[in-house]
Each structure stands twice: as C-alpha cells, then as structure tokens.
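Remarks on the structure that follows.
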Amino acid sequence: GQQVMQIPQYQHVQEGEDFTTYCNSSTTLSNIQWYKQRPGGHPVFLIQLVKSGEVKKQKRLTFQFGEAKKNSSLHITATQTTDVGTYFCAGINTGGFKTIFGAGTRLFVKA
Amino acid sequence: DTGVSQDPRHKITKRGQNVTFRCDPISEHNRLYWYRQTLGQGPEFLTYFQNEAQLEKSRLLSDRFSAERPKGSFSTLEIQRTEQGDSAMYLCASSPGLAGGSSYNEQFFGPGTRLTVL
Numbered sequence: 001g002q003q004v005m006q007i008p009q010y011q012h013v014q015e016g017e018d019f020t021t022y023c024n025s026s027t028t029l030s031n032i033q034w035y036k037q038r039p040g041g042h043p044v045f046l047i048q049l050v051k052s053g054e055v056k057k058q059k060r061l062t063f064q065f066g067e068a069k070k071n072s073s074l075h076i077t078a079t080q081t082t083d084v085g086t087y088f089c090a091g092i093n094t095g096g097f098k099t100i101f102g103a104g105t106r107l108f109v110k111a
Numbered sequence: 112d113t114g115v116s117q118d119p120r121h122k123i124t125k126r127g128q129n130v131t132f133r134c135d136p137i138s139e140h141n142r143l144y145w146y147r148q149t150l151g152q153g154p155e156f157l158t159y160f161q162n163e164a165q166l167e168k169s170r171l172l173s174d175r176f177s178a179e180r181p182k183g184s185f186s187t188l189e190i191q192r193t194e195q196g197d198s199a200m201y202l203c204a205s206s207p208g209l210a211g212g213s214s215y216n217e218q219f220f221g222p223g224t225r226l227t228v229l
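Chains A and X are the protein sequences, given in the same order.
Position one of the first sequence corresponds to residue 1 (the numbering used here), numbered consecutively onward.
Position one of the second sequence corresponds to residue 112 (the numbering used here), numbered consecutively onward.
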C-alpha cells in the first residue's frame, strides 16, 4: 500500500537556527499538505501544494513539492520557540480521498 | 465556537465493550474524515464521507469498526468488541469541498476522543 515517509523523526535546534523536514511518498501524489501539531493539541493545517515543482512561502516557512510529485520539504528559517511541535506531511493520491500522513518530525527549539 | 467538535473527549472502557463517538463538523463542510492517532505517530486514515456517502474506508479497518453520517451533518464512529489495541486518540476532521474554493481540501481537526481500553 501507499506509504509516506518523513525524516528526521526528531530535530533539536538552537533558537535562530534553520530546520528542514523531508517527506517521500511511494506513489505519485495529487497534492500534499502540511500540518503542525503542538504537544497535547490537534493537527492544524499549514498549506497545500498541488503543482509539480511548486514552492510556497509563509513568512519564515518555505514549502516545496518535487517535480515528480513524490517528495516535499518544509524549511523554517531562524526558528523561534513558538515553532515547537510536530510537523506532518500528508499525501493524497490522484482520484482518491484517502489522506496518508507521515509519522511527523518533532521539532524542539532551545532558547 | 464554530470549529469541529467531538464527544466524548475521553472514554475508558473494558475490553469487549462497544463504544460510539460523535463528530460535529463545521456546518458548511460537506467532507468528513475519521483518523486514529497513537503516540509518536501521524494520524492514520480510517474513513471519508462526502455528505452522507462513505466514499472510502481503510483496509486496516476491521469489521468491528463502522461509521455513519446519516444526514450529511454529524457523524458517528462505533467500535464493537473493543480490544486493548484500539486504545488511541480518534480524530475527526472536516473540509469545505468544492464550495470552499482554493481551501476545498483544507482539513479542520477536532480535539479528538481519547479511548482507553482496559
């Protein structure tokens, strides 16, 4: 079955350092979404990427969708303590509705 | 509060008992999803509704799990003959669908129901 793999599992950074999480799908995706989940909270939608090679920015966050629509990345510039949480990618196959989440990357930011 | 709501927030039950959870999506959203999440893992897709139609169901779901959305509004998830392995957070999410324009697929999650099977 379809799998979405995400690395790294954990990342510890000093405040101000950059952070990147990577996501790879075993199949070509229709689109990919990114969510953030704070400890004890529920996932919150960040963004959706649809086009091959698409790059979107939200302030310090940069999201990329690979040319083959099988991989994606989230990069945070100059992390802040408010960035703490787990970042999940979620892939949706063409013609389907099933959303497959990666295992997430948990970000720790030390002040 | 116009977000997604779930009830109950916590449920403790004994192995073998049946449990039912309720999800109330955002009122104008016609898409509804159920997920299961265990510690350290991402949400695991269980099923998807578009209005009242259940369009996709995970093969991981055994016959003990069933979900309904009878009027295309709230949804229920029932687990029969619960097992200790069913202990998890059960999350519901809704999205606008095509009426939501560019946000059609954005999923809004509820707070979840934490199930503990003793």
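In this text, a Cβ means the ideal position worked out from N, Cα and C, and glycines have one as well.
Valine 115(X) versus tyrosine 159(X): straight-line alpha-carbon distance, rounded: Along the second sequence, read from residue 1 onward, the residue named residue 115(X) stands at position 4. Along the second sequence, read from residue 1 onward, the residue named residue 159(X) stands at position 48. Computed Cα separation, rounded: 15 Å.
Option in Thr86(A), Cys89(A), Thr77(A) with minimal Cα separation from phenylalanine 19(A): Taking the first residue of the first sequence as 1, we reach residue 19(A) at position 19. Here the closest residue by C-alpha is Thr77(A).
8 Å Cβ cutoff, glycine 116(A) in contact with chain X: The first residue shown for chain A is 1 and the last is 111, placing residue 116(A) beyond what the model contains.
Minimum Cβ-Cβ distance from phenylalanine 39(A) to chain X less than 8 Å: For this step, residue 39(A) is matched to residue 39 along the first sequence. Inspection of the sequence shows that residue 39(A) is occupied by proline rather than by phenylalanine. Judged by the 8 Å Cβ criterion, proline 39(A) is not in contact with chain X.
Alpha-carbon spacing of glycine 104(A) relative to tyrosine 87(A), whole angstroms: What you label residue 104(A) is simply residue 104 of the first sequence in a count that begins at 1. What you label residue 87(A) is simply residue 87 of the first sequence in a count that begins at 1. If you take the alpha carbons of glycine 104(A) and tyrosine 87(A), they lie about 5 Å apart.
Interface residues of the stretch 193–205 of chain X facing chain A [CB-CB below 7 Å]: Leu202
Interfacial residues, the stretch 153–169 of chain X to chain A, with Cβ spacing under 8 Å: Gly153, Pro154, Glu155, Phe156, Tyr159, Gln161, Leu166, Glu167, Ser169
Complete runs of the beta strand (DSSP E) confined to the stretch 133–210 of chain X [at least 3 residues]: 142–148, 155–161, 164–168, 176–179, 186–190, 199–206
Contacts that glycine 96(A) makes with chain X (C-beta to C-beta distance below 8 Å): For the purposes of this step, residue 96(A) is taken as the residue at position 96 of the first sequence. The answer, in chain order, is Glu167.
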